[in-house]
Each structure stands twice: as C-alpha cells, then as structure tokens.
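Enquirer: The sequence shown begins at 1 in full-length UniProt numbering and counts up by one.
Where is the CB? At the ideal position from N, CA and C, for every residue including glycine.
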Amino acid sequence: MAEDSEAEKTEPASERRLQQAREEGDVPRSREVATFTVLMAAGAGLYIFGATMARQLSATLASGLRLTREQVFDMDVLGTRILADVVQVLITFLPLGLAVMLVAIASPVLVGGWLFTAKGFMPKFGKLNPINGITNMVSKNALVELVKAIIKTIIVGAVAYMVVMRYKDAIFGLVSEPAHEGYQHMLDMLAMSFLILVGALGFIALIDAPYQMWHYANKMKMTRQEMIQESKESDGNPQIKGKIRQMQREMARRRMMQDVPTADVVVTNPTHYAVALKYADGSKGAPKVVAKGTDAVAAKIRELAKEHRVAILEAPALARALHKHSDIGDEIPQRLYAAVAEVLAYVYQLRAYRPGGRYPDRPTKLDVPADMDPNTAPPKP
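So this is what it looks like as structure tokens:
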C-alpha cells in the first residue's frame, strides 16, 4: 500500500506544503555535510590554535608535575592542583571547542537553510509505535541509508589503509629518531592523514547533499487528490465560491436596481436590452451608466423606470452599443457622446414641456458607429 501511495505522488510539492513541513521541522538535511564541515572547522582550529594549545598544555603538564614530597601526600593541596590543571586544560581547548560548536550549529544552513521551531522538540508518540518502527526499518529509505553507511565505511577504511601503508616505514622509524624530530614527524603524519580523511568525507558529502535534496523533493510530492484538497482549503470549495459569486451578483444587482430611480433616461432595445443613464447637472464628465441588463433584468429596469417616472427611449442600436461597451458606474464611450447628447436633450425638453406647448420630437436617427453595434459590427478576423 505504501508503494502504491508513493507511485501516486506525481505532483511537485506546493509552497503551502513545503511551508507546513518547515513549521514541523521537516527540511532536507545531510549528516555527511555536517560531519565534513565540523571536521574542517576542527582542522582549521588546530591549524590556527594548535601551537598555542601545545605550549599551554605543555606548561600545564610541567606545572602539574612540579610537586614537593609534602604536596604529593597532602590530599588538599593535591586536589586543588589537579582541579586547577583541569580548568586550565578546559580553557586551553575552549577556543577550538567554541569554533567547532558554532560550525556544528551553522552547518545545517548549507542544506535546507536555517530553521528553528519548537515543534521539533515536541515528543511524537507515533514514533513509539513498534509497527511503525518495523516498517521504517524495512523501508526503501532505510535500505538507502544502509548502503550509504557501507559505502562510507569502505571509503574511510580504504583511506585509512592507504595512509597506514604509506607511512608504515615512517611510523616504525619514529622509535629511532630523537624525541623532538619524532614528535614533529608524528604531527606531520597525523595532519596529512587528517587531510586525506577530510577529503574523502568531502567527496561523500558532495554526493550526499544533492541526493538529500532530491529525496526530500520526492518525499514531499503530492497526489492529484491532495492538490485538489489543498486548493479547496486555500481558495475555498468551488461550490461555495460559486454561491459566494452568485450572492455578490445578487447584491450588485440590488444596488443597481436601487440606482434606476435616480437615472435621467433608460435606453431600450425595446425588449432585450435596457441601459439606464444619469448625467449630473454641472458635471464636467460624461453621462454614466447606473444600470444595465438583458431580458429579465432589462424588463425589471423598465418596470422600475415606469414606476418612478424615468423617461424611457427606444433606441435599439444605441442600447446595444451602450450595453456592450460600457460598465456600470463608468462614463459612456466617447464615440457615443453625440447620440447620448441627443437623447438627453430630448429628455430635458420633455421635462420642460407644458400643456399647450410644442411636444418634443423623439430622436430617430442617432449617430451610433456601426462597429459599436453588436448587430452590425464586422466579424473579427
């Protein structure tokens, strides 16, 4: 079942999944890189502080051996001297220890980046489950770790064997050399052996780091179902989103209908389109569309217009052009200024009409560009 589950994970991990994993303390890590950097820090520290440490240790050892006969048998004095020497040794190793500790703390940044989370210290009781433990022991990852350990052991063992074979004659010759020269030769051999060992571990780390990144990316992959579920959680269920959009449309429609009574004129098709226009007296802008719609919505706009005594003008081409090329709350297109100006002039004349006077003529030939009317506009290439 686990293999089937892994096989289904074909989608790269999303940013949300990676962020959740980081919050849980799950990031790619390479123990080989950490080991290599710590050994490099130790080697660099010995190179920098080695001579000073050797002198301090030599002085501490010499001081510890300068005891009179009475001091040797005085337990109080002897205990005090031993404690002082131990403290001095610790102080001697302190710079090297601090350097190695800082590198050990910072080395994880090289693979996976810096991360500190309290969740990493929380106990995970699932790890106490023996079934899970047995499953992890026989997992593919455990097999890979076993192969890595074997390869690392072989490489380190081979390096150690080559070092011994290279220096075996020099090692046996140390007993015949003067103490000072033998000590120096021994340090040289240890330093060279250390460099070879660190180089071998660096080679292992160079292979392990990209593998750990690849393994982590593969482990964090998601199934299509997980992607769909996360999308629902992040963006909302599509059905709920559809209902929300429907509610938003209904609210916008209600607001639009509330503005119809404030319009100056409603231009109609006469049945399929209706566009309500408003022009504020003294405004420097163009007339605005306060409501528009087709079919049932258009019928509702006409009904409200009649109820509130808003002028209704049948102008099919203008109604279609306004509906297509303008949005609610926007000013009308500039190319329709002339046609709308004639309509508003007619409306103002209607308002000014008094019984006994000349009734205004309804505009019949409005200047509506043919390419703005959906019924006459040429098809797009």
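Could you give the uninterrupted runs of the alpha helix (DSSP H) lying entirely in the region 249 to 313, keeping only those of 4 residues or more?
Expert: If we require 4 residues or more, the alpha helix (DSSP H) runs fully inside the region 249 to 313 come out as 295 to 307.
Enquirer: According to DSSP, what are the bridge partners of VAL11?
Expert: The residue you call residue 11 lines up with position 11 of the sequence shown. Residue identity check: residue 11 is Glu in the sequence provided, not Val. Paired residue(s): MET222.
Enquirer: On the DSSP bridge list, what partners appear for GLU331?
Expert: For this step, residue 331 is matched to residue 331 along the sequence shown. According to DSSP, GLU331 bridges with LYS288.
Enquirer: Does the count of Cβ pairs from the region 8 to 17 and the region 214 to 227 closer than 8 angstroms reach three?
Expert: They touch, by the three-pair rule.
Enquirer: Please work out which residues of its chain come closer than 6 angstroms, Cβ to Cβ, to LYS324, disregarding the five sequence neighbours upstream and downstream, and give them in chain order.
Expert: Numbered from 1 along the sequence shown, position 324 holds the residue referred to as residue 324. The answer, listed in chain order, is PRO374.
Enquirer: Relative to the alpha-carbon of ALA321, which residue among GLU230, PRO378, LEU336 has its alpha-carbon at the smallest distance?
Expert: Taking the first residue of the sequence shown as position 1, residue 321 is located at position 321. Among GLU230, PRO378, LEU336, the Cα nearest to that of ALA321 is on LEU336.
Enquirer: Which residues bound the alpha helix (DSSP H) around LEU94?
Expert: Taking the first residue of the sequence shown as 1, we reach residue 94 at position 94. First-last of the alpha helix (DSSP H) with LEU94: 75 to 106.
Enquirer: Return the CA-CA distance between GLY97 and TYR161, expressed in angstroms with no decimal places.
Expert: Position 97 of the sequence shown, counting from 1, holds the residue named residue 97. Position 161 of the sequence shown, counting from 1, holds the residue named residue 161. For GLY97 and TYR161, the distance between alpha carbons rounds to 29 angstroms.
Enquirer: Could you tell me the alpha carbon to alpha carbon distance between THR364 and MET247, rounded to whole angstroms?
Expert: As a working note, residue 364 is residue 364 in the sequence shown. As a working note, residue 247 is residue 247 in the sequence shown. Cα to Cα, the separation comes out at about 40 angstroms.
Enquirer: Run the CB neighbour count on LYS140, radius 10 Å, all protein chains shown included, and call it buried at 16 or more, exposed below.
Expert: Mapped onto the sequence shown, residue 140 falls at position 140. Looking at its Cβ environment, which holds fewer than 16 other Cβ atoms inside 10 Å, LYS140 is exposed.
Enquirer: Between ALA319 and THR268, how many whole angstroms is the CB-CB distance? I'm expecting something under 8 angstroms.
Expert: Along the sequence shown, read from residue 1 onward, the residue named residue 319 stands at position 319. Along the sequence shown, read from residue 1 onward, the residue named residue 268 stands at position 268. Rounded, the Cβ-Cβ distance is 6 angstroms, consistent with contact.
Enquirer: Where does the unbroken alpha helix (DSSP H) through MET53 begin, and where does it stop?
Expert: For this step, residue 53 is matched to residue 53 along the sequence shown. Note, MET53: alpha helix (DSSP H), 31 to 65.
Enquirer: Give the secondary structure of LEU128 by DSSP, where H, G and I count as helix, E and B as strand, and everything else as coil.
Expert: Along the sequence shown, read from residue 1 onward, the residue named residue 128 stands at position 128. Bear in mind that a pLDDT of 49 at LEU128, under 50, signals an unreliable position, so the number given afterwards is only what the model happens to contain. If DSSP states are grouped into helix, strand and coil, LEU128 belongs with the helices.
Enquirer: Quick one: what's got a C-beta closer than 7 angstroms to residue 383's C-beta in the same chain, skipping five residues either side?
Expert: No answer is possible for residue 383: it lies beyond the span of the chain, which begins at 1 and ends at 381.
Enquirer: Could you check which residue in ILE196, PRO28, ALA44, ALA339 has the C-alpha nearest to that of TYR211?
Expert: Numbered from its first residue, the sequence shown carries residue 211 at position 211. Per the Cα distances, PRO28.
Enquirer: Would you call GLU250 buried or exposed, if buried means 16 or more other Cβ atoms sit within 10 Å of its Cβ?
Expert: Residue mapping note: residue 250 aligns to position 250 of the sequence shown, counting from 1. By the neighbour-count rule (16 or more Cβ atoms within 10 Å), GLU250 is not buried but exposed.
Enquirer: Quick one: is PHE36 buried, meaning 16 or more other Cβ sit within 10 Å of its Cβ, or exposed?
Expert: Against the sequence shown, residue 36 aligns to sequence position 36. Label assigned to PHE36: buried.
Enquirer: Quick one: Cα of SER193 to Cα of VAL163, how far?
Expert: Counted from its first residue, the sequence shown places residue 193 at position 193. Counted from its first residue, the sequence shown places residue 163 at position 163. Rounded to the nearest angstrom, the two C-alpha atoms are 6 angstroms apart.
Enquirer: Tell me whether GLY356 is buried or exposed, calling it buried when 16 or more other Cβ atoms sit within 10 Å of its Cβ.
Expert: To locate residue 356, count along the sequence shown from 1; it is residue 356. With fewer than 16 other Cβ atoms within 10 Å, it is exposed.
Enquirer: According to DSSP, is TYR353 helix, strand or coil?
Expert: Working through the sequence shown from its first residue, we reach residue 353 at position 353. DSSP places TYR353 in coil when its eight states are reduced to three.
Enquirer: Would you report the Cα separation of LEU190 and MET213, rounded to the nearest angstrom?
Expert: Within the sequence shown, numbered from 1, the residue matching residue 190 stands at position 190. Within the sequence shown, numbered from 1, the residue matching residue 213 stands at position 213. Between LEU190 and MET213, the C-alpha separation is close to 34 angstroms.
Enquirer: Measuring CA to CA, which of GLU303, PRO287, GLU145, VAL297 is closest to GLY31?
Expert: Indexing the sequence shown from 1 puts residue 31 at position 31. Reading off the sequence shown, one finds Arg at residue 31, where the question assumed Gly. Cα-wise, what sits closest to ARG31 is GLU145.
Enquirer: Could you tell me the distance, in whole angstroms, from the CA atom of ILE155 to the CA atom of ALA42?
Expert: Taking the sequence shown and counting its residues from 1, one reaches residue 155 at position 155. Taking the sequence shown and counting its residues from 1, one reaches residue 42 at position 42. If you take the alpha carbons of ILE155 and ALA42, they lie about 21 angstroms apart.
Enquirer: Report yes if the C-beta distance between LYS152 and ILE91 is below 7 angstroms; otherwise report no.
Expert: Position 152 of the sequence shown holds residue 152. Position 91 of the sequence shown holds residue 91. No, these two residues do not count as a Cβ contact at 7 angstroms.
Enquirer: Which of the three DSSP states is assigned to PRO365 in this structure?
Expert: Here residue 365 refers to the residue found at position 365 when the sequence shown is read from its first residue. The sequence shown places Lys at residue 365, rather than the Pro named in the question. LYS365 falls in the coil class under three-state DSSP.
Enquirer: Distance check for GLN19 and MET40, CA to CA, integer angstroms please.
Expert: Walking along the sequence shown from the start, residue 40 turns up at place 40. Walking along the sequence shown from the start, residue 19 turns up at place 19. Going by the C-alpha atoms only, they are around 32 angstroms apart.
Enquirer: Along the chain, where does the alpha helix (DSSP H) containing ASP169 start, and where does it finish?
Expert: Position 169 of the sequence shown, counted from the start, is the residue given in the question as residue 169. Its alpha helix (DSSP H) spans residues 140 to 173.
Enquirer: Express the C-alpha separation of ARG253 and ARG17 in angstroms, rounding to a whole number.
Expert: The residue you call residue 17 lines up with position 17 of the sequence shown. The residue you call residue 253 lines up with position 253 of the sequence shown. Between ARG17 and ARG253, the C-alpha separation is close to 39 angstroms.
Enquirer: Can you tell which of LEU78, HIS185, ALA34, VAL266 has the C-alpha that lies nearest to the C-alpha of ALA104?
Expert: The count along the sequence shown starts at 1 and reaches residue 104 at position 104. The shortest C-alpha separation from ALA104 is found at ALA34.
Enquirer: Do the CB positions of VAL265 and LEU304 come within less than 7 angstroms of each other?
Expert: Locating residue 265 in the sequence shown gives position 265, where the first residue counts as 1. Locating residue 304 in the sequence shown gives position 304, where the first residue counts as 1. No; because the gap between Cβ atoms is not below 7 angstroms, this pair is not in contact.
Enquirer: Shortest alpha-carbon distance to PHE49 belongs to which of VAL38, PRO95, GLY25?
Expert: Start at 1 with the first residue of the sequence shown, and residue 49 comes out as number 49. The shortest C-alpha separation from PHE49 is found at PRO95.
Enquirer: Nearest by alpha-carbon distance to GLN334: which of PRO287, GLU181, ALA158, ARG66 is it?
Expert: As a first step, residue 334 is located in the sequence shown; it is residue number 334 there, counting from the start. The option with the nearest alpha carbon to GLN334 is PRO287.
Enquirer: Considering only C-alpha positions, which residue in the set ALA44, GLY329, GLY45, VAL87 is nearest to GLY64?
Expert: Within the sequence shown, residue 64 is the residue found at index 64, counting from 1. Here the closest residue by C-alpha is VAL87.
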